[in-house]
Amino acid sequence: MLFRGKSLAKTWFDANVGLLLFATGQLFSSSMNLFTRILETTSDPPFHAMQIVFTRMSITTIACTLYMWMKGVPDAPLGPKEVRPLLVARGLTGFFGLFGMYYSLTYLSLSDATVISFLSPTVAGFACSIFLKEKFGLVDKVAGFISLFGVILIAQPTPSLTTAGDGKVTTGLRLGAVGVALLGVLGAAGAFTTIRCIGTRAHPLISVNYFAIICAIVSTCALTFSSSLHFVLPRTAWQWTLLCSIGICGFCYQFLLTAGLQREKAGRAGNMLYLQMFFAFLFEKLVWNETPDWIEIAGSGIILGAAVWVAVSKRKTEPGYDKISTGAAEDDIESQAQRPTETYELSDMTTNPITPIPPPVTVTSNPRP
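By the UniProt record's numbering, the letter at position 342 of the sequence shown is numbered 342, and the numbering carries on one by one without gaps.
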């Protein structure tokens, strides 16, 4: 009987290992955002989002460049000449996607900043319908308008939030953060669109490297030449730990997403992305003892519900949709781009170079529309 129980457990684990890896990846993603918000709101002086971007993407650049050099990635590091302008555009748009998320964490709650990122697939779908003539149906359009109402609710003042030094988050600061978060949504959508334009003409890791290098360069210039920004050196072991943890969590997140997508249909695994909201609410309660008010919950529910509606509708109406991810964040774009298939696939959104894991023999190529 005991042997039978172990056998059933092993069978269940083997059938769902991809989902488990993907779900664990969401924990690391939410942890990364948690550590970012702690550094930005509790440190004195506070760490600016630009410094977080610089630290994380500098590590990514070094790791990605070394990997491509050791593995002899074709056309590395610059990529084929004909797609270099697109690779630069991918890096620039990706920077705004990442910065928008990190900056918004300064003045928005973890859950609010996270749920706004779920607008990205709708905006990306609209952009692809214009530039790439891809289908953007009625459900997508209606869901997009509904989501905007959710953003309006989230933008309402929340007196309980504070910044570093117990400074209250004013209505102006909160509205500004929502605006920057929406800029991040546009950036992430732009990154998705340019990646689809690049197609199979460049190795996904070259795209990751462009993204990382451009993020590091732009953030360095901002920290160097802006009179209102400066590089803050960590003063305590706790700050060093948080800063390093952001890079480690980013690496683990990308690794687990890549490994999970190799073992599971991306559409099914993509449902695990919504665990980010659960972890965001959980961390808010455990770390700040904050409970969202009904307006925030309503706004988050509207955006999340619209995203789920689009995903479910496409799964029912579009053949092969289970082979496509419904990723929302900048990192998720790159995780899909790194899926090992017969050709280089497209997708953070999320951003980190990961050594591809040979897929099981049962995994086949995943064609994208």
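Ideal Cβ positions, reconstructed from N, Cα and C, are used throughout, including at glycine.
Counting the other CB atoms within 10 Å of its CB gives residue 85 a total below 16, which places it among the exposed residues.
Restricting attention to 95, 206, 36 and 184, the CA atom closest to the CA of residue 216 is found in 95. In the DSSP assignment, residue 85 falls within the alpha helix (DSSP H) that extends over 84 to 107. Take the alpha-carbon of residue 53 and the one of residue 243: they are about 11 Å apart.
The beta-carbon separation of residue 256 and residue 25, rounded to 3 Å, stays under the 8 Å limit for a contact.
At the C-beta level, residue 147 and residue 295 stay beyond 8 Å of one another. By the Cβ test, the segment 134 to 145 is not in contact with the segment 202 to 214, since fewer than three Cβ pairs between them sit closer than 8 Å. Under the three-pair Cβ rule at 8 Å, the segment 117 to 136 counts as touching the segment 182 to 201.
Per DSSP, the continuous alpha helix (DSSP H) segment holding residue 209 begins and ends at 204 to 225. Only exposed fits residue 287, as fewer than 16 other CB atoms lie within 10 angstroms of its CB.
Here residue 311 carries a helix assignment [DSSP, helix/strand/coil]. In the three-state scheme derived from DSSP, where H, G and I count as helix and E and B as strand, residue 33 is classed as helix. The residue among 229, 22 and 300 with its C-alpha nearest the C-alpha of residue 46 is 229.
Residue 133 sits in coil when the DSSP states are folded into three classes, being neither helix nor strand.
Around the beta-carbon of residue 252, 16 or more other beta-carbon atoms lie within 10 Å, marking it buried. Assignment of residue 290 by DSSP, reduced to helix, strand and coil, places it in the coil class.
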